[in-house]
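Novice:
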Amino acid sequence: MDKCTLANHNISILFWVHFFGTISFLQAVMTLFYVERGLTPSNVFIVLMCWSGAVLIGEVPAGIFADRFGLKLSFITGACIKIISISLLLFADNIWLFCLYSLLNGLSVTFFSGADEALIYESLKETNEQHLMDKAMGKIQSASFISMLIAVIFGSYFAKDLKEEQFFILITLGLLFHFVELILLLFIKNPAVEFEYNESSYSQVIEGIQVIRKAPQLLIMFLNISLVFIPASAVFDNYDQLLLKNAGVPVFAIGILYAVAAVGGYFASISIGWLTKKFSRIFLLNLSGALAVCGLLLAACFGNTLWIVLGAFIILRFVRAIRYPIYSQLSNDIIPSHVRATTISLLSVLDSVLDLIIFGTLSILAVYGLPVMFMGCTIIALIGTCLPIKGIREVPKNIES
């Protein structure tokens, strides 16, 4: 990848945006923070469902917003909403305030979802380097692992007593980092590609739906990714602290484990280019899906055995690190430029529907304990892994307009 290009500039900025924007000093104790503020495991699922509901409602409007008014403005809008949402954690002490936090936080994500991929792909396309999309996504994603490494060690140690004043300081420190993220977003440069929108927003959505309808392999691949990601990452990440604690891991050590996982995730992310040269992208997606099923099954069956729980934890962190950049390359190769953000947002709407269905189902299973819930996660991930993925070499000519 050339150094003096728009793509290199935007990738570098997004790297630091991800570093400051994904940092969460509460991450290593987030579930324990919920519990200390009065939430139950079932309440946590309600909070997650609020997040998914906000994404469901906001995805398509945010995607249209990005396609019409520019990716940079979309990022800035999302960052402002995120700062407001995190500020609510300073005084949230009941499920309703946590739900409001989750709704706003989910809405903020919609202004990044699709827009970040569109920015990178279109920037790379200007210098005919779009085949490096997965490598670029891996580099950007690696920033979140570096920030996690710092945040979880500091956060878990600083909040080891789970005291209110400790939580307050961690939330405030996180807000400062998010303000830095907002400043960095001002330096994003929109790609030169522009489209005249003489059609209505409704027409944009219809065209995005047509892209998905005429490329069924895109939809199947998306379902494969989502049905593995939701149980293996979205759900597991919110319950791994309870799992580790039940297996005998002290609170401060949870941060160390998160840090070790962050180091592994970082090296996995920056190695995406090397991995895709050695193995096909389809093979890597199938292998990582199978590993996710194994990790969840181990968590379900051996939740009280420390070393097995640690193994499951590391496996699932590795899976999360490599799957999305590869999917991003394959999916963006087929989506037309002028409706890229809208189409990705439409897929994210489907992801939110799946979130609500899966979270609702697992919230019922959670009443019977973590092993039963993780077994449900295993079955869902297995269904996703079994969906066949076909390679996509180029944008079908009957879709690109």
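For the sequence shown, the UniProt record's numbering assigns the number 1 to the initial residue and increments by one for each residue that follows. Even glycine gets a Cβ: it sits at the ideal position worked out from N, Cα and C. None of these values were measured; they are calculated from a predicted model.
1) From which residue to which residue does the alpha helix (DSSP H) around Ile76 run?
2) Give me the residue from Val339, Gln166, Val55 with the minimum Cα distance to Leu26.
3) Tell me whether the beta-carbon of Pro231 lies closer than 8 Å to the beta-carbon of Ser123.
4) Just mark Asp161 as buried or exposed, buried being the case when its beta carbon has 16 or more other beta carbons within 10 Å.
5) Distance check for Ala253 and Leu173, CA to CA, integer angstroms please.
6) Compare the C-alpha of Leu97 against each of Glu126, Asn43, Gly273 and name the closest.
7) Hey, out of Cys301, Ser203, Asn332, Ile183, whose CA is closest to Val60's CA?
8) In the DSSP assignment, find the alpha helix (DSSP H) that holds Arg320 and state where it starts and stops.
9) Does the structure place the stretch 349-356 close enough to the stretch 248-264 that three or more beta carbon pairs sit under 8 Å?
10) Rounded to the nearest angstrom, what separates Ala62 and Val180 at their Cα positions?
11) I need the DSSP call for Lys278, collapsed to helix, strand or coil.
12) Terminal residues of the continuous alpha helix (DSSP H) containing Glu126?
13) Which runs of the alpha helix (DSSP H) spanning at least 4 residues fall entirely within the stretch 171-233, listed in chain order?
14) Checking 8 Å against the spacing of the C-beta atoms, do Gln241 and Arg281 come in under that value?
15) What's the gap between the Cα of Ala7 and the Cα of Ile120?
16) Under 7 Å Cβ to Cβ from Leu175, same chain only, skipping five residues before and after it: list those, please.
17) For Val309, does the count of other Cβ atoms within 10 angstroms reach 16, so buried, or fall short, so exposed?
18) Is Asn10 buried or exposed, if buried means 16 or more other CB atoms sit within 10 Å of its CB?
19) With 16 other CB atoms within 10 Å as the buried threshold, where does Cys4 fall?
20) Taking the alpha-carbon of Ala381 as reference, which of Arg320, Ile209, Thr342 has the nearest alpha-carbon?
21) Have a look at Phe222, Ile270, Ala115 and flag the residue whose alpha-carbon is nearest the alpha-carbon of Lys135.
22) With distances taken from CA atoms, which of Lys139, Gly58, Ile46, Ile95 is nearest Phe15?
23) Residues in the same chain with beta-carbon distance under 6 Å from Ala54, minus the five sequence neighbours each way, listed in chain order, please.
24) Using only alpha-carbon positions, find the residue among Cys50, Asp93, Leu370 that is nearest to Glu164.
25) Taking the C-alpha atoms as reference points, what is the distance between Ile315 and Val339?
26) Inspect the beta-carbon positions of Gly295 and Ala268 and report whether they are closer than 8 Å.
27) At what residues does the alpha helix (DSSP H) containing Asn8 begin and finish?
28) How do the stretch 373-389 and the stretch 293-307 stand: do at least 3 beta-carbon pairs fall below 8 Å, yes or no?
29) Mark Asn128 as exposed unless 16 or more other C-beta atoms lie within 10 angstroms of its C-beta, in which case mark it buried.
30) So what does DSSP say about Gly369, is it helix, strand or coil?
31) Can you tell me the Cβ-Cβ gap for Phe318 and Ile146, rounded? I've got them flagged as a contact below 8 Å.
32) Starting from Ala268, trace the alpha helix (DSSP H) both ways and give me its first and last residue.
33) Taking Met148 and Tyr258 to be in contact with their CB atoms under 8 Å, please state how far apart those CB atoms are, rounded to whole angstroms.
34) Is the stretch 65-77 in contact with the stretch 359-373, if contact means three or more CB pairs nearer than 8 Å?
35) Taking the Cβ atom as the reference point for each residue, do Lys278 and Ile188 lie within a distance shorter than 8 Å?
36) Would you identify the three-state DSSP class for Phe33, choosing helix, strand or coil?
Specialist: Quick answer:
1) Here the alpha helix (DSSP H) through Ile76 covers 71-87.
2) Gln166
3) no
4) exposed
5) 21 Å
6) Asn43
7) Between Val60 and the set Cys301, Ser203, Asn332, Ile183, the nearest pair of CA atoms involves Ser203.
8) Its alpha helix (DSSP H) spans residues 306-332.
9) No, the stretch 248-264 is not in contact with the stretch 349-356.
10) Distance between the alpha carbons of Ala62 and Val180 is about 23 Å.
11) Helix.
12) From DSSP, Glu126 is part of no alpha helix (DSSP H); its letter is neither H nor E.
13) 201-214, 216-229
14) Cβ atoms of Gln241 and Arg281: not closer than 8 Å.
15) 7 Å
16) Ile83, Ile86, Ser87
17) Buried, by the Cβ-count rule.
18) buried
19) exposed
20) Arg320
21) Ile270
22) Ranking Lys139, Gly58, Ile46, Ile95 by Cα distance to Phe15 puts Lys139 first.
23) Leu103, Gly106, Leu107
24) Out of Cys50, Asp93, Leu370, the CA that lies nearest to the CA of Glu164 is found in Asp93.
25) 35 Å
26) The answer is no: Cβ separation not under 8 Å.
27) 6-21
28) yes
29) exposed
30) Three-state result, Gly369: coil.
31) At roughly 16 Å, the Cβ-Cβ gap does not stay under 8 Å, so Phe318 and Ile146 are not in contact.
32) 251-270
33) 6 Å
34) no
35) No, these two residues do not count as a Cβ contact at 8 Å.
36) Looking at Phe33 - three-state DSSP - the assignment turns out to be helix.
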